[in-house]
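Novice: What follows is a single structure, and I will ask about it in a moment.
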Amino acid sequence: MSEFSTRILDWYDAHARQLPWRVSPQARRRGVMPDPYRVWLSEVMLQQTTIPHGIRYFLRFTELWPTVEDLARADREDVMREWAGLGYYARARNLYACAQLVSSQGGFPRVASELKKLPGIGPYTAGAIASIAFDERVAAVDGNVERVMTRFLAIDTPLPKAKQVVAEALEPRLPDHRFGDFTQALMDLGATICTPRGPACLTCPLSDDCAAHAAGREEAFPVKAPKKPKPVRHGIVKLIHNGKHMAIERRPDKGLLAGMNGLPTSDWNVIGEGEPIPEPDSTDQGKYLGRVEHVFTHFKLFLDVYEEQRTAPLDGLTTPLSSLGEAGLPSVFAKAANLLVT
DNA sequence: AAGTCGGGGGC
DNA sequence: GCCCCAGACTT
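Mind the numbering: the first sequence is residues 12 to 353 in my numbering, read in order.
Shown next, in the form of structure tokens:
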């Protein structure tokens, strides 16, 4: 057993975070194992998502669908609607597809190499599920682990290439048992001690041998490739309603916000550098309600919102104005719809 | 290797 | 404003 893993596991025994899908290190010693379904669901929900945000969705999903069989039997529309607001909607599509596969195969594969073949399960999530739920001897390298290890070893390879370097550095440092605890311990350490800014090296179990700490350069790691500026786009969206219902539409199965409900919208045109954003006016599009700003992963959007009140019945998909919050609208459209209420 | 794909919270 | 967050998938 390496000194490295012993220190981390000892620290974890005293400082493990308590989370709804977890089994404490004490309970694990008594032979209690976590539910693979809950581990999988939490891992997928937390991909690029903070715990305070994801945890609400986890509790809601497990309340609606306590088992993977329940989720597999659910209506796809219900799953997508419940995912609305969590982002990265391909995760929800893959989640549903994965539930169907797992349910038909009688359960989750128990090894990372097989888990990784399932939709929405990549290298990290496969390692996390395999180690946490089945105690396989595998590492799970997420953003926390990247930060801890690049600091500990002063790895100056820029991300994302450093991910492989970290994985290779971690392998010989794995413990000889408690693989699930080890995975969770590294993540807890990264989340609570070895934080992106202002790491708490004073209370870190690794600080004695940490290369970055020795050099006083903790925040210099991990090294990241420079990021590109986000282009700006502009479009308009219409709130078409009759006082009781509002027109919505199903977005295409590919591309941005795929498969989600949306509002009728124009194309979102790129605004060139230094180019002015078109002025809104209430003449032709309806009554101008205001402008909504929303930042996506790779562009920033300004959306002018217009209200068009109709007396004739609405055709196509609609949703009651009284319960817009339950319409399953992604955040950008929820922001726009809110201009009608407020 | 680079692009695509959401959203919220911290500072 | 910029950064980050239990990343995966496509090209």
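Virtual Cβ for every residue (Gly too), placed ideally from N, Cα, C.
Quick caveat: nothing in here was measured; it's all calculated off a predicted structure.
Please tell me whether Lys174 and Val156 are closer than 7 Å, where the distance is taken between their beta carbons.
Specialist: Counted from its first residue, the first sequence places residue 174 at position 163. Counted from its first residue, the first sequence places residue 156 at position 145. No.
Novice: Would you identify the three-state DSSP class for Asn349, choosing helix, strand or coil?
Specialist: Position 338 of the first sequence holds residue 349. Asn349: helix per DSSP, three-state reduction.
Novice: Quick check on this structure: which residue in Glu337, Lys128, Val234 and Phe190 has the alpha carbon closest to the alpha carbon of Pro171?
Specialist: Taking the first sequence and counting its residues from 1, one reaches residue 171 at position 160. With distances taken between Cα atoms, Pro171 lies closest to Val234.
Novice: Check each candidate in Gly133, Arg262 and Pro45 and name the one with the smallest Cα separation from Gln29.
Specialist: Here residue 29 corresponds to residue number 18 of the first sequence, with the count starting at 1. Comparing Cα-Cα distances from Gln29 to each of Gly133, Arg262 and Pro45, the minimum goes to Pro45.
Novice: From the DSSP output, which residues share a beta bridge with Ala258?
Specialist: The residue labelled residue 258 in the question sits at position 247 within the first sequence. Note: Ala258 sits in a beta bridge opposite Thr329.
Novice: What separation, rounded to the nearest whole angstrom, lies between the Cα atoms of Gly96 and His305?
Specialist: Taking the first sequence and counting its residues from 1, one reaches residue 96 at position 85. Taking the first sequence and counting its residues from 1, one reaches residue 305 at position 294. Computed Cα separation, rounded: 13 Å.
Novice: Between which residues of its own chain and Ala108 is the CB-CB distance below 7 Å, once the five residues before and five after are set aside?
Specialist: Walking along the first sequence from the start, residue 108 turns up at place 97. Around Ala108: Pro130.
Novice: Keeping to the same chain, check which residues put their C-beta closer than 7 Å to that of Asp295; ignore five residues upstream and five downstream.
Specialist: Numbered from 1 along the first sequence, position 284 holds the residue referred to as residue 295. Closer than 7 Å at the Cβ level, and outside the excluded window around Asp295, lies no residue.
Novice: Starting from the Cα of His224, find the closest Cα among Leu185, Ile204 and Ala144 and give me that residue.
Specialist: Along the first sequence, read from residue 1 onward, the residue named residue 224 stands at position 213. The candidate whose alpha carbon is nearest that of His224 is Ile204.
Novice: Run the CB neighbour count on Lys249, radius 10 Å, all protein chains shown included, and call it buried at 16 or more, exposed below.
Specialist: Translated into the one-based positions of the first sequence, residue 249 becomes position 238. With 16 or more Cβ atoms within 10 Å of its Cβ, Lys249 is classed as buried.
Novice: Less than 8 Å between the CB atoms is what I'm expecting for Leu181 and Ala150, so what's the real figure, rounded?
Specialist: Reading the first sequence from its first residue, position 170 is the one you call residue 181. Reading the first sequence from its first residue, position 139 is the one you call residue 150. Right, their Cβ atoms sit about 5 Å apart.
Novice: Do three or more CB pairs link the stretch 199-215 to the stretch 17-34 at distances below 8 Å?
Specialist: Yes, the stretch 199-215 touches the stretch 17-34.
Novice: Alpha carbon to alpha carbon, how far is Ala196 from Glu14?
Specialist: Here residue 196 refers to the residue found at position 185 when the first sequence is read from its first residue. Here residue 14 refers to the residue found at position 3 when the first sequence is read from its first residue. Cα to Cα, Ala196 sits roughly 15 Å from Glu14.
Novice: Under a Cβ-count criterion, where at least 16 other Cβ atoms within 10 Å of its own Cβ denotes burial, should Ala231 be classed as buried or exposed?
Specialist: In the first sequence, counting from the first residue as 1, residue 231 sits at position 220. With fewer than 16 other Cβ atoms within 10 Å, it is exposed.
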